[in-house]
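Chemist:
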Amino acid sequence: MLTGYIAIGEFLRAVYLKPNYAKPYNNIGVVYYGKEEFSSAIRNYQKAIKIYPQNLEALNNLAVVLKKLVQLEKAKAILNQALKLGASHAGDLLQHCGFIRRNWQQQVSHSFLSGICETRIVQPLLAGSGS
359 MLTGYIAIGE FLRAVYLKPN YAKPYNNIGV VYYGKEEFSS AIRNYQKAIK IYPQNLEALN
419 NLAVVLKKLV QLEKAKAILN QALKLGASHA GDLLQHCGFI RRNWQQQVSH SFLSGICETR
479 IVQPLLAGSG S
């Protein structure tokens with residue numbers, strides 16, 4: 359248990375050294391999630407996203423904690439936010455698509471997930487690959 363708080367201390371030290379770096383906030387959120395301190399996890403994921411709105415890892419993590427708290431509409435909105443980032447984050451979006459398929463099958467139909475992934479991620483990537 360103490361290890362988590364030591365990690366949080368180290369991440370806060372990183373924040374002190376570089377206040378506009380999103381990664382430590384995401385990592386603090388991960389520690390709090392592991393401790394089941396979900397409100398603290400959410401607060402830190404939101405800080406990471408505020409600093410760097412294209413942070414797919416923090417968006418994913420925020421969606422996961424919201425799903426855990428059965429706030430499915432909020433979680434879906436976060437996932438849609440991540441999907442709107444566009445092809446400039448192609449590799450991350452493909453990983454995100456796999457994340458959605460693995461973690462959301464019971465709340466959202468598979469055809470919906472496939473449609474979202476196909477139309478918002480795969481097709482734009484294929485269209486961009488020919489240029």
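Following my numbering, the numbering of the sequence shown begins with 359 at its first residue and continues without gaps. For every residue, glycine included, the Cβ atom is placed at its ideal position computed from N, Cα and C.
1. Given a cut-off of 8 Å on the beta-carbon distance, is the pair Y410 and G387 in contact?
2. Go ahead and label N413 buried or exposed: buried means 16 or more other beta carbons lie within 10 angstroms of its beta carbon, across all protein chains shown.
3. Whose C-beta lies closer than 7 Å to the C-beta of Q439 among residues of the same chain, with five residues either side of it excluded?
4. Mind pulling the alpha helix (DSSP H) runs of 4 or more residues that sit fully within the stretch 381 to 433?
5. Nearest CA to the CA of S398: which residue from L424, L430, L437 and A433?
6. What does the alpha-carbon distance come out to for the pair T365 and V389?
7. Which of the three DSSP states, helix, strand or coil, is assigned to N438?
8. What does a CB cutoff of less than 7 Å around N385 pick up in its chain, not counting 5 residues either side in sequence?
9. Assign Y363 to one of three DSSP states: helix, strand, or coil.
10. Output yes if chain D places a C-beta closer than 8 Å to the C-beta of K408; else output no.
11. Skipping 5 residues on each side, what residues in its chain have a beta carbon closer than 7 Å to that of G392?
12. Within 10 Å of its beta-carbon, does H468 have 16 or more other beta-carbons around it, so buried, or fewer, so exposed?
Modeler: Once the coordinates are examined:
1. Within the sequence shown, the letter at position 52 stands for residue 410. Within the sequence shown, the letter at position 29 stands for residue 387. No, these two residues do not count as a Cβ contact at 8 Å.
2. Within the sequence shown, the letter at position 55 stands for residue 413. Buried is the call here.
3. Position 81 of the sequence shown, counting from 1, holds the residue named residue 439. Counting only Cβ-Cβ distances below 7 Å, and skipping sequence neighbours, we find L417.
4. 381 to 392, 396 to 409 and 414 to 426
5. As a position in the sequence shown, residue 398 is number 40, starting the count at 1. If we check each option's Cα against that of S398, L424 comes out closest.
6. If you number the sequence shown from 1, residue 365 lands on position 7. If you number the sequence shown from 1, residue 389 lands on position 31. Residue identity differs from the one stated: residue 365 is Ala in this sequence, not Thr. Those two C-alpha atoms are separated by around 8 Å.
7. Start at 1 with the first residue of the sequence shown, and residue 438 comes out as number 80. Reduced to three states, the DSSP call for N438 is helix.
8. Indexing the sequence shown from 1 puts residue 385 at position 27. Around N385: F369.
9. Locating residue 363 in the sequence shown gives position 5, where the first residue counts as 1. The answer is helix: DSSP assigns Y363 an H, G or I state.
10. The chain labelled as chain D is not found in the depicted structure, where only one protein chain is given.
11. By one-based count along the sequence shown, residue 392 stands at place 34. So the list reads G362, once near-sequence residues are dropped.
12. Stepping through the sequence shown from its first residue, residue 468 is reached at position 110. Unreliable placement is indicated for H468, whose pLDDT of 46 sits below 50; no coordinate value is reported for it.
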